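When you read off a place in the sequence shown, starting at 1, and then add 974, the result is the number in this note's numbering.
Structure record follows, encoded as structure tokens.
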Amino acid sequence: MAHEVINVGHDRSQLAKMAQQARSAMGTDELTTVADRGYFSGEESLACHQAGIVTYLPKPMTSSAKAGGRFDKADFIYDAEKNEYRCPAGESLIWRFSRVEAGHKIHRYWSSNCQQCSIKTQCTPSTARRVSRWEHESVLESLQKRLDRNPNMMRVRRQTVEHPFGTLKAWMGATHFLTKTLERVSTEMSLHVLAYNLKRVMSILGTGALMQAMRG
């Protein structure tokens, strides 16, 4: 439905833009998009939310605490009414201050009782366990809850998108793109996508139905 060639080494800034392009190409007001962890970005998730695009997107597993066998941030439950977190030991991590980091407004929370906690070694090697919260964290929490309720969505994504890309790469061969510069490669990719779409339609509807639709 939509594609774009970029020369950036990651996809973290592509989710909202490609989702909106796909929605426009389909001529619909409603869209559900499913992407893998490589597309995860708070800003992109927020942009999709604000555009009314329902998103399924798993969060990358990068927690150093979890990797070290300690409690993850997900083990701390946020209470929106009190604007505080509840830790696994039942203590309250209250709001301490907010500041802007890399253009994001971040809130900081911690408890004054960490030093006396009986399970502190399972939580943090520091004086206190501090939890950070982005001002739009609720969008990411809603995204995670949606994915938890529909765990098969990632399997649907694999079944839906891996086949077309596998086919295109097989057509391209070992050399992949034959041209150079972003403009030329974009044109080459557009031809690949067009050829794939035409062959797919002919496989489903037949050549006659395709020609009739094109004449109409």
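The C-beta atom is built at its ideal place from N, Cα and C for all residues, glycine as well.
Just so it is clear, the structure is predicted and the values come from calculations on it, not from any experiment.
- Inter-segment contact for the segment 1000-1009 and the segment 1024-1040 is present: three or more beta-carbon pairs are separated by less than 8 Å.
- Counted as a single uninterrupted DSSP element, the beta strand (DSSP E) harbouring ASP1053 occupies residues 1051-1053.
- Secondary structure at GLU1075: strand, using DSSP grouped into helix, strand and coil.
- Going by C-alpha positions, SER1085 is about 18 Å away from TRP1108.
- Scanning its chain for C-beta atoms nearer than 6 Å, with the 5 sequence neighbours on each side dropped, one finds around GLN995 the residues ALA976, in chain order.
- Going by DSSP, LEU1005 is part of the beta strand (DSSP E) stretching over 1005-1008.
- Per DSSP, ILE1093 lies in no alpha helix (DSSP H) and is assigned neither H nor E.
- With fewer than 16 other CB atoms across the displayed protein chains lying within 10 angstroms of its CB, GLU1136 is exposed.
- If you ignore the 5 residues before and after ALA993, its C-beta comes within less than 7 Å of the C-beta of LEU1005, THR1007, CYS1022 and ILE1027, all in its own chain and listed in chain order.
- Collapsing the DSSP output to three states places VAL1028 in a strand.
- Between LEU1179 and PHE1151, the alpha-carbon positions lie close to 30 Å from each other.
- LEU1184 places its beta carbon 8 Å or farther from that of HIS1166.
- In chain order, TYR1030 place their CB closer than 7 Å to the CB of ARG1120, counting only its own chain and leaving out the 5 sequence neighbours on each side.
- Scanning its chain for C-beta atoms nearer than 7 Å, with the 5 sequence neighbours on each side dropped, one finds around ALA1025 the residues ALA990 and GLN994, in chain order.
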